Amino acid sequence: MADTKNILITGAAGGFGSELALQLGRLAAEDGLDLILLDNNEAGLDQLADRIQDDCGYEPLIYPLDLETSSIDQYNQMVAAFEKQLGKLDMLMHTAARFTSLAPMVHADPVEWLRVLQTNLNGPWLLTRACVPLLKQAGSARLIFMLEDIDTMREANWGSYGVSKVALSALVEQLKGELAQDGIRVNGINPGPMRTTLRAKAWMPSAEDPAQPVEDVAKRIIGWMFSENSQDQLDPGVIS
C-alpha cells in the first residue's frame, strides 16, 4: 500500500530488538507497517521471522548483516536493494550493541575494544550514512538510537562500551541538528534498566534490581514512537 511505513531494526535477534520486532509485527497488518530485521545472527533472524509469521500472520523482511565486519560497499549494496524493493525508509531504529564485561581500561583487550566500538558506534554511523537518502524519500522519517545513562557510562570500568555509548550520544546530537532540514527526526533513547543478557553481564541479580521486562519497555517505546508528541520526552525523561 502507498502509505506503508517501512521500519528497519538493527540487533533484531537480540533481547530487546526481538521483542520490539514481535510487538511491531502484531501491528504490521492493521497499521500498514513493513519490518526489515537486521542482525548478524542469521539463525536467530530466521527463528524470529517464523515466530512473527506464526503469531501475527505477517512475514517480515530479514537481512543478515554484521555491523562489526561489514564494509562500506556492503552497506551501500544493502541500501540499494532496499531502495529497489521498498522505495523509502520511514524509520531506522538502532538496537544492536556489544558488551562483554566490566574491566579496568588498562586491562582491556585491544581486539575486543575495537569490536565494541565498531558494533556500537562506527557500524551504526556507516549504516545511518547509507540510509539517509532513503529516509529523505519518506518525507517525514525517524532515526532512533538506543543509549545508556551517560553519567553511568563515564564511570570507571565501563571501558569500550561506555566510551561507545557516550560517543553515540554525541552522534545523536550532531545528526539531530544536521538532518532536521531534511524532514528526519533524530532521537536517542535511554530505556532504563532492562532484563536482558547484556545487563546480566554487568549487574548481579538481586531482589532490588530495578530492571524492567523487555516486553514492558518495548510496549512503552512503541507507544511513544507512534504518538502525536513523539518528538517530546518519553516519561520518565529518557529521550534526547
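In the numbering used here, the protein residues as written are 604 to 843. Backbone N, C-alpha and C fix where the C-beta goes; we use that ideal spot for every residue, glycine too. All of these numbers come straight from a predicted model, not from anything done at the bench.
Between the CA atoms of residue j and residue i - distance to the nearest angstrom
i: P839; j: Q740; result: For P839, the predicted structure reports a pLDDT of 38, less than 50, and the residue's modelled location is therefore unreliable. A value from the coordinates is still provided. Between P839 and Q740, the C-alpha separation is close to 32 angstroms.
i: R732; j: I792; result: 19 angstroms
i: W716; j: Y764; result: 8 angstroms
i: E776; j: I753; result: 13 angstroms
i: M749; j: F829; result: 17 angstroms
i: M696; j: G628; result: 15 angstroms
i: Y666; j: E758; result: 35 angstroms
i: V682; j: M694; result: 13 angstroms
i: M756; j: V769; result: 7 angstroms
i: G795; j: D819; result: 11 angstroms
i: D580; j: I825; result: Any question about residue 580 goes unanswered here, given that the chain covers just 604 to 843.
i: T703; j: G617; result: 15 angstroms
DSSP state of residue i mapped onto helix, strand, coil
i: F619; result: helix
i: L565; result: Residue coverage of the chain in this structure runs from 604 to 843, which leaves residue 565 outside it and unanswerable.
i: D669; result: coil
i: A821; result: helix
i: N644; result: coil
i: A744; result: strand
i: D712; result: coil
i: N793; result: coil
i: D637; result: strand
i: K768; result: helix
i: T613; result: strand
With 16 other Cβ atoms within 10 Å as the buried cut-off, status of residue i
i: K608; result: buried
i: S767; result: buried
i: N723; result: buried
i: V714; result: exposed
i: N679; result: exposed
i: V719; result: buried
i: E751; result: buried
i: V709; result: exposed
i: D642; result: buried
i: A684; result: exposed
i: A700; result: buried
Own chain, CB closer than 6 angstroms to residue i, minus 5 neighbours either side, in chain order
i: Q721; result: E671
i: R823; result: none
i: G620; result: I612, G614, T698
i: A821; result: E622, L623, Q626
8 angstroms Cβ shell around residue i - same chain, five flanking residues per side excluded
i: K687; result: none
i: D637; result: T607, K608, N609, I610, A631, P663, L664, L689
i: V735; result: L782, D785, I787
i: A711; result: G762, S763
i: A652; result: L640, E662, P663, I665
i: L774; result: L724, P727, W728, F748
Cβ-based neighbour list, residue i, same chain, cut-off 7 angstroms, excluding 5 preceding and 5 following
i: V760; result: Here residue 760 is Asn; the residue named in the question, Val, does not match the sequence. Counting only Cβ-Cβ distances below 7 angstroms, and skipping sequence neighbours, we find L705, A706, P707.
i: Q656; result: E662
Supposed close pair residue i, residue j - CB separation, criterion 8 angstroms
i: P816; j: L771; result: In fact, because the Cβ distance is near 24 angstroms, the residues do not count as touching under 8 angstroms.
i: A744; j: L692; result: 7 angstroms
i: L746; j: V789; result: 5 angstroms
i: I675; j: L729; result: 6 angstroms
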